Amino acid sequence: MNSSTAPGAVNAPGRLAASGGAFATIAGLLDQLAGQPMTVKTRFAPSPTGYLHIGGARTALFSYLYARRHGGRFVLRIEDTDLERSTPEAVNAILEGMTWLGLDYDEGPFYQTKRFDRYKEVIRQLLEQDKAYYCFCPKERIDKLREEQMARKEKPRYDGHCRDLGRVPQPGEEAVVRFKNPLDGEVVVDDRVKGRVVFQNTELDDLVIARGDGSPTYNFTVVVDDMDMGITHVIRGDDHLNNTPRQMNILRALGVEPPVYAHVPMILDEHGKKLSKRTGAASVTEYRDAGFLPEAVLNYLVRLGWAHGDQEIFSLDEMVALFDIDDINAAASSLNPGKLLWLNQHYIKTSDPRHVARHLSPHLASLGIDPADGPALEQVVEALSERAKTLVEMAQSAVFFYRAPAEYEEKAARKNLTAETAPVLAALREQLAGVGEWTAPVIHDTVHRFAEAQELGLGKVAQPLRVAVSGGSVSPPIDKTLEVLGRDETLARIDRALAWIGAQNGG
RNA sequence: GCUCCCAUCGUCUAGCGGUCUAGGACGCUGCCCUCUCAAGGCAGAAACCCGGGUUCGAUUCCCGGUGGGAGCGCCA
0 MNSSTAPGAV NAPGRLAASG GAFATIAGLL DQLAGQPMTV KTRFAPSPTG
50 YLHIGGARTA LFSYLYARRH GGRFVLRIED TDLERSTPEA VNAILEGMTW
100 LGLDYDEGPF YQTKRFDRYK EVIRQLLEQD KAYYCFCPKE RIDKLREEQM
150 ARKEKPRYDG HCRDLGRVPQ PGEEAVVRFK NPLDGEVVVD DRVKGRVVFQ
200 NTELDDLVIA RGDGSPTYNF TVVVDDMDMG ITHVIRGDDH LNNTPRQMNI
250 LRALGVEPPV YAHVPMILDE HGKKLSKRTG AASVTEYRDA GFLPEAVLNY
300 LVRLGWAHGD QEIFSLDEMV ALFDIDDINA AASSLNPGKL LWLNQHYIKT
350 SDPRHVARHL SPHLASLGID PADGPALEQV VEALSERAKT LVEMAQSAVF
400 FYRAPAEYEE KAARKNLTAE TAPVLAALRE QLAGVGEWTA PVIHDTVHRF
450 AEAQELGLGK VAQPLRVAVS GGSVSPPIDK TLEVLGRDET LARIDRALAW
500 IGAQNGG
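Oh and the first sequence: position 216 is 215 in numbering that gives the first Met the number 0, straight run, nothing missing.
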C-alpha cells in the first residue's frame, strides 16, 4: 500500500520553489560536471478523467523502471486542472491500479488543484518580465481568425494581436494570459526515443497559460511542476511531442534548462486502431477483474515497445536491471490479447501457489465459494495451475472441489455413467476405500492395478470416475483430483453417482 | 490544410552495412506424450511497404512516394 495517498501531501508552493526548479537542475548539472551521475527523477502525471488506461500504465511502468534502474525517484502527480472532467472516482481508480501493479512512488500524489497559488505566482512573474501578456481578443475574433486561416490552408494559430498592447485588464474586464513565444529561431527536442526533432518557432503561437478566470492551463502547469519537482526525465506518450517545443520555450523563459524527454509511442488495439472503451478491456482494473496476475500484465506491458534481445519473461527486478529508454521502439504497437493470456498462464503455473491462491480468492468469492469449506486452496491451485489461462477460468474449474456436482454434464454422463460402468465404479469404490495412504501416487497405483485386473483401458476407468466426482469430463489428473478431494468426499460422490445411475435405469 | 512522428512474419519484436537461405515469442498447422483438459517436446507455414540514390555491398544510411498516427483549444 502506498502511504502517501493523503490529498494534503502536497508541498507548500514556497518550499517547492525553493527546493526544485533551477536549483535542482543546476545541482544536477554540477554533478555531471563533477563526473557524478545526475540524480534521476521521473514522474507519471495522469489526468483523472477515467480509469488507469493500459497505455498510461505502460508509461508509468517505463518511468518507474527508469527511476529505479538509476537509483532515482519516481513521482506521481495528478493533473486535475480540468475541474469539469476530473473526478475523485478516477483518482481512486488510478491509485488502485498503481497499487495493484505494484508501482510504488516515492513522492506524491501531488494534485495540481492544490498548487494554483504557485501557478499564479509564476504567471505574475512572467507578466512582470514581459514574457507573457494579457490578451483581450474575444472568442469570436479567434474563431474567425481560425476559419480564415483554414480557408487559406494555413495552420490555425493566434496572430499576436494583443502581444504588444502592454495593457492590464480593468476591474471587471476579462482577459487571458498568453506566453510570448519566440518569433523566430528553432527549438530542438533531443528525444531519447524519437531522436532529434526540430520545430520552427514560426510554427508555434502564443499559447494561453491562464484562462479568463485566472486558472492555469495544462501546458503551463506541466512546465511549472516539472520545474518545481526537479523532474530530470519526462517519459510520456508521443501525443505530447508536439507540445514539447512550447514547454521548452516556457521553461527557458523561466530560466531553466528543460529535462530529457522520451516520447513513447501509443498503444493500439488488436486491429491496429486507436484504443477505445468499446474495443475491449483497456483499464488495469478490468484486467485484474478478468483474472490476470499483475506480474503478467507488467511483463506484457514491458514487452510492448521494448525488448531485450530474445527474452520474453521478465520479473520486476529483471526489468529494473535491464530497462533502458534507448531500447524503446519508436513505432506504435498493437495489443495482442493471446500473448497476454499466454503470459498469464505462465505466471499462474510458475508462481508460488500461495501467491496465486491469494489472487484467486476474490474470484472464488464471486462464485459464492468459501475455500474454508473444502480442501486447502493452495492444493487446488497446484492441481489446476497447468490448465488455466486466467484466474476466472481457474475459479470455475475449482468449483467442484468445494461443491459436489448438483448434476452431471449431459454428454459426459451419457457416456460414462451407465449401466455398464456402474459395476466398474462400484468395484473401484471398494478398492479406493481400502487404500492405505490417501496420496496421489498410491491412488495412481490403485487405479492402474484395478484397470489391469479388469482388463480395461485406463480411459474406461478414470473417465467414469472423473465424471462421478467432478460432474464433467475435464479435471486435473484423476489421482491428483482424488487426493485433493479427500477420501470421504470421493467415496460419497461415487455413491451418489451410483445412486444416480440406478435412478436413471431403474425408473 | 499545415507541422510533427512512424513503417521487419497476422501480432509483439531481434537486427544497429557484409554474420540474413532475416532470429525469437504469441497465435496457427502437423506429429509425439497422454485417464480428460491442459502443460510439455519436436517439426512446419509465415515478414524486411514501394521507388530512387550513397556504397564494392543495403533490412540496416539519405531522399521521395504511399500508407498509418499525433498535434494545431480559455482539454489534458
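Ideal Cβ positions, reconstructed from N, Cα and C, are used throughout, including at glycine.
Quick caveat: nothing in here was measured; it's all calculated off a predicted structure.
Discussion item. Quick check: HIS362 and LEU390, are their CB atoms within less than 9 Å of each other?
Written reply: yes
Worksheet item: Can you tell me whether DSSP reads GLY470 as helix, strand or coil?
Response: coil
Practice prompt. May I have the straight-line CA-CA distance separating LEU490 from GLU409, to the nearest angstrom?
Written response: 22 Å
Practice prompt. Could you tell me the distance, in whole angstroms, from the CA atom of GLY211 to the CA atom of CYS136?
Written response: 11 Å
Worksheet item: What residue does the alpha helix (DSSP H) around LYS143 start on, and which one ends it?
Response: 138–150
Practice prompt. Please name the residue, chosen from PHE291, GLN430, LEU203 and SER85, that lies closest to LYS388 on a Cα-to-Cα basis.
Written response: PHE291
Practice prompt. Spell out a yes or no on whether the region 200–217 and the region 166–186 are touching, meaning 3 or more CB-CB pairs, one atom from each, closer than 8 Å.
Written response: yes
Worksheet item: Among the residues of its own chain, which have a CB less than 6 Å from the CB of ALA331, if the five just before and after it don't count?
Response: PRO264, MET265 and LEU267
Fill in: Opposing strand residues paired with TRP305 [DSSP bridges]
ILE327
Item to complete: Can you grab the Cα-Cα spacing for the pair TYR110 / ILE53, in whole Å?
Response: 22 Å
Worksheet item: Given ALA418, which residues of its chain have a CB within under 8 Å of its CB, disregarding the five upstream and five downstream residues?
Response: ILE500 and ASN504
Worksheet item: Are there 16 or more other CB atoms within 10 angstroms of the CB of VAL355, so buried, or fewer, so exposed?
Response: buried
Worksheet item: Quick one: is ASN91 buried, meaning 16 or more other Cβ sit within 10 Å of its Cβ, or exposed?
Response: exposed
Worksheet entry | Closest by C-alpha distance to LEU51, when choosing among GLN462, ALA281 and VAL197 | ALA281
Discussion item. Tell me the rounded alpha-carbon separation between ASP238 and GLN462.
Written reply: 57 Å
Worksheet entry | For ALA56 and GLY107, believed in contact at Cβ under 8 Å, the rounded distance | Not confirmed; about 16 Å, so no contact.
Worksheet item: With a cut-off of 8 Å, do at least 3 Cβ pairs link the region 218–234 to the region 58–66?
Response: yes
Discussion item. Report the start-end ranges of each alpha helix (DSSP H) in the region 335–400 that is 4 residues or longer and not cut off at the edges.
Written reply: 336–349, 352–364 and 376–383
Worksheet entry | Minimum C-alpha distance to VAL582 - residue among ALA295, TYR401 and LEU315 | This structure cannot settle anything about residue 582, because the visible part of the chain is limited to 0 through 506.
Practice prompt. Give the single residue among LEU376, SER365 and LYS348 whose Cα lies nearest to the Cα of ARG357.
Written response: LEU376
Discussion item. Restricting to runs no shorter than 3 residues, where is the beta strand (DSSP E) found entirely within the region 99–140?
Written reply: 106–110 and 131–134
Worksheet item: Ordered along the chain, which non-local residues of its own chain (more than five positions away) have a Cβ less than 8 Å from that of VAL434?
Response: VAL441, ILE442, THR445 and ARG486
Discussion item. For GLU147 and LEU321, what's the separation of their Cα atoms in angstroms?
Written reply: 52 Å
Discussion item. Quick test of the definition: if touching needs 3 or more C-beta pairs under 8 Å, does the region 192–203 touch the region 252–259?
Written reply: no
Fill in: Spatial distance of LEU481 from ALA421 (CA atoms)
18 Å
Worksheet entry | Rounded Cβ spacing between GLU78 and THR220 (contact assumed at less than 8 Å) | 7 Å
Worksheet item: If PRO475 sits next to ALA382, beta carbons under 8 Å apart, how far is it from one beta carbon to the other, in whole angstroms?
Response: 4 Å
Item to complete: Mind checking who LEU75 pairs with in its DSSP beta bridge?
Response: PHE43
Worksheet entry | Span separating the alpha-carbon of ARG42 from that of GLU120 | 23 Å
Worksheet item: Among THR438, LEU497 and SER360, which one has its Cα closest to the Cα of GLU406?
Response: LEU497
Fill in: Classification of ARG195 by the beta-carbon crowding that lies within 10 angstroms, buried from 16 upward
exposed
Worksheet item: In terms of alpha-carbon separation, which member of ASP190, ARG386 and GLN169 lies closest to ASP325?
Response: ASP190
Fill in: Identity of the residues DSSP links to VAL233 by a beta bridge
TYR260
Discussion item. Between the alpha carbons of ASP163 and VAL188, how many angstroms are there, rounded?
Written reply: 29 Å
Worksheet item: For the alpha helix (DSSP H) that contains ASP224, what are its first and last residues?
Response: 217–227
Practice prompt. May I ask which residues mark the beginning and end of the alpha helix (DSSP H) holding ASP212?
Written response: It is not in any alpha helix (DSSP H) - ASP212 carries neither H nor E in the DSSP assignment.
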